[in-house]
Amino acid sequence: MSVPEVGGVDARYTLKRNISDESLAYGFTLSVWGSGAILLDFAGAVKAEYAVAFGFGTIISFGLLTAFVFNSLLEHYEIQARQTRVVASMIHVLGAVLNVAVSYLLTVYLWGKVFPEAVFFVVGLHVMATYNLMLLVEILLSERLYRFFRGTEPQSPNTSQPADHTEPG
193 MSVPEVGGVD ARYTLKRNIS DESLAYGFTL SVWGSGAILL DFAGAVKAEY AVAFGFGTII
253 SFGLLTAFVF NSLLEHYEIQ ARQTRVVASM IHVLGAVLNV AVSYLLTVYL WGKVFPEAVF
313 FVVGLHVMAT YNLMLLVEIL LSERLYRFFR GTEPQSPNTS QPADHTEPG
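Using the numbering used here, the first residue of the sequence shown is number 193, and each one after it goes up by one.
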């Protein structure tokens, strides 16, 4: 499907780049906001302690994941070029939707059994870890789907642009 240029901008290329750049943030946002909405529905009122507990849960989870992946929090790291992915991995059915469902189940199970702050903390801890781990599962599943339907390994797209395409900016 061809998308015409608009004002000298290749709209299709621009949308591809935007969607690719926003993919991780949108999935994480859905996870956090969806989980927060569930927690607030149970809590009935917003309290600063709840937000702080949720925030501490996510920070501790992120710190533990980071320490595990990088083997230390006190090392330098190199930001590498982006790896190619199968487009389906950007939809985040598991990273976002399953994540919010687990938040709901945790909240239903824990609410009334422990302090509300503990529930917010546990859900915050889970949201960060589950989101990042489910992204790995989504990448794996999308690559398997690619192999199943295409019969080959996913290939990196040709990095050169067509002759009639110039990158904006």
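Every residue gets a Cβ at the ideal spot worked out from N, C-alpha and C, and that includes glycine. Note that this is a predicted model, so its numbers are computed, not measured.
Where residue i falls: helix, strand or coil (DSSP)
| i | result |
| --- | --- |
| residue 347 | coil |
| residue 354 | Caution is warranted here: a pLDDT of 43 is assigned to residue 354, below 50, making its placement in the model unreliable, and no coordinate value can be reported. |
| residue 306 | strand |
| residue 201 | strand |
| residue 319 | helix |
| residue 271 | coil |
| residue 264 | coil |
| residue 283 | coil |
| residue 208 | helix |
| residue 228 | helix |
Beta-carbon spacing of residue i, residue j below 8 angstroms
| i | j | result |
| --- | --- | --- |
| residue 297 | residue 326 | no |
| residue 295 | residue 211 | no |
| residue 300 | residue 227 | no |
Spatial distance of residue i from residue j (CA atoms)
| i | j | result |
| --- | --- | --- |
| residue 254 | residue 220 | 13 angstroms |
| residue 321 | residue 241 | 21 angstroms |
| residue 330 | residue 284 | 7 angstroms |
| residue 335 | residue 237 | 43 angstroms |
| residue 282 | residue 260 | 24 angstroms |
| residue 308 | residue 214 | 32 angstroms |
| residue 232 | residue 332 | 33 angstroms |
| residue 208 | residue 202 | 10 angstroms |
| residue 224 | residue 269 | 27 angstroms |
| residue 206 | residue 200 | 11 angstroms |
Same chain only: Cβ atoms within 8 angstroms of residue i, ignoring 5 sequence neighbours per side
| i | result |
| --- | --- |
| residue 258 | 265 |
Sequence-distant residues of the same chain with beta carbon closer than 7 angstroms to residue i, five excluded per side
| i | result |
| --- | --- |
| residue 252 | 317 |
| residue 324 | 257 |
Residue i beta carbon near the ligand FMN (any heavy atom closer than 7 angstroms)
| i | result |
| --- | --- |
| residue 203 | Absent from the structure shown: the ligand FMN. Ligands present: none. |
Sequence-distant residues of the same chain with beta carbon closer than 6 angstroms to residue i, five excluded per side
| i | result |
| --- | --- |
| residue 346 | 278, 335, 338 |
| residue 222 | 288 |
| residue 328 | none |
Checklist entry - If we count Cβ pairs, one from each stretch, closer than 8 angstroms, do we get three or more for the region 307-318 versus the region 245-264? => result Short answer: they touch.
Next on the checklist: Tell me whether the region 252-270 and the region 280-288 touch, counting them as touching only if at least three CB pairs, one residue from each stretch, are closer than 8 angstroms.
Outcome noted: The way I'd put it, the region 252-270 doesn't touch the region 280-288; fewer than three beta-carbon pairs between them come closer than 8 angstroms.
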